[in-house]
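Scroll down for the structure; my scribbles are underneath it.
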Amino acid sequence: MEKKELASILSEILVPIGFKKKGNYWVVNGTEITKMVNLQKSQFSNCFYINYGYILNTIPLNGLTMHVFGGLGSLDSNENARIKELLNLENSISDEERASGLKKVLIEKLAHKVSSVNTEADVLVELKKQPHLNNIPLVVKRHFHLPE
């Protein structure tokens with residue numbers, strides 16, 4: 001499998017829920033927020049990462065790609081290892097198994113999450129679920145009146 005097949009799988013999952021592909025990004029422009037998903041290749045190997053996040057349209061980015069961001073993964077170590085394995089194109093997983101596994105993970109872990117976040121209030125709900133806010137820019141914490 002190559003990057004273009006990974007991108008095709010992402011499009012298959014994201015386009016039906018309103019995303020439009022722009023380069024290595026899939027984007028939904030909303031009135032309050034912009035949702036983004038990104039396919040990123042490792043600099044060191046043929047491994048990929050799927051990042052997602054939100055831009056709060058009322059706040060300048062000031063050099064940020066997104067205000068709130070995360071990566072496709074799982075808190076369950078076995079599940080997270082499987083996600084990494086599926087996104088590592090250097091291993092011997094068949095294309096069919098990889099495609100099937102990725103579609104399942106993308107629907108369960110990504111599509112459901114990004115579909116349910118449509119407003120700033122939804123972003124705040126997601127932020128409050130996080131164990132810490134260390135990776136959230138100060139401008140976002142101040143916007144939502146969260147502890148700095």
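So the sequence shown is numbered by the UniProt record's numbering: it starts at 1 and just counts up by one. Glycine residues also receive a C-beta, built at the ideal position from the N, C-alpha and C atoms. The model shown is predicted, which means the values in this text are computed figures rather than measured ones.
Residue i to residue j, Cα distance in whole Å?
{"i": "P147", "j": "G73", "result": "26 Å"}
{"i": "N57", "j": "I136", "result": "16 Å"}
{"i": "P60", "j": "L138", "result": "12 Å"}
{"i": "R98", "j": "H112", "result": "20 Å"}
{"i": "V140", "j": "S94", "result": "42 Å"}
In terms of residue numbering, what span does the beta strand (DSSP E) encompassing residue i cover?
{"i": "I33", "result": "33 to 41"}
{"i": "I17", "result": "Where I17 is concerned, there is no enclosing beta strand (DSSP E), given that its DSSP letter is neither H nor E."}
{"i": "F48", "result": "48 to 56"}
{"i": "N29", "result": "25 to 29"}
How many whole angstroms separate the CB atoms of residue i and residue j, which I take to be in contact at a CB cut-off of 8 Å?
{"i": "K3", "j": "K41", "result": "7 Å"}
{"i": "L102", "j": "L124", "result": "30 Å between Cβ atoms; not a contact."}
{"i": "M1", "j": "L89", "result": "6 Å"}
{"i": "I33", "j": "E108", "result": "So it is not a contact: roughly 22 Å between Cβ atoms."}
Would you mind working out which of the options sits nearest residue i, comparing C-alpha positions?
{"i": "N46", "options": "V140, G30, N91", "result": "N91"}
{"i": "K35", "options": "Q43, Y25, F44", "result": "Y25"}
{"i": "S66", "options": "V28, Y52, L138, L14", "result": "It should be pointed out that residue 66 corresponds to Met in this sequence rather than to Ser. Here the closest residue by C-alpha is Y52."}
{"i": "H132", "options": "V105, V68, F19, E120", "result": "V68"}
{"i": "L14", "options": "I59, V114, E120, L138", "result": "V114"}
{"i": "V37", "options": "G63, F48, Q43, T31", "result": "F48"}
{"i": "G71", "options": "N80, G23, T31", "result": "N80"}
{"i": "S11", "options": "S94, I50, V117, N118", "result": "I50"}
{"i": "L39", "options": "N29, L75, I55, I9", "result": "I9"}
Query raised in the report: Taking only runs of the alpha helix (DSSP H) that begin and end inside the segment 60 to 146, which ones reach a length of at least 4 residues, in chain order?
Result: 77 to 86, 95 to 105, 112 to 116, 120 to 129, 138 to 143
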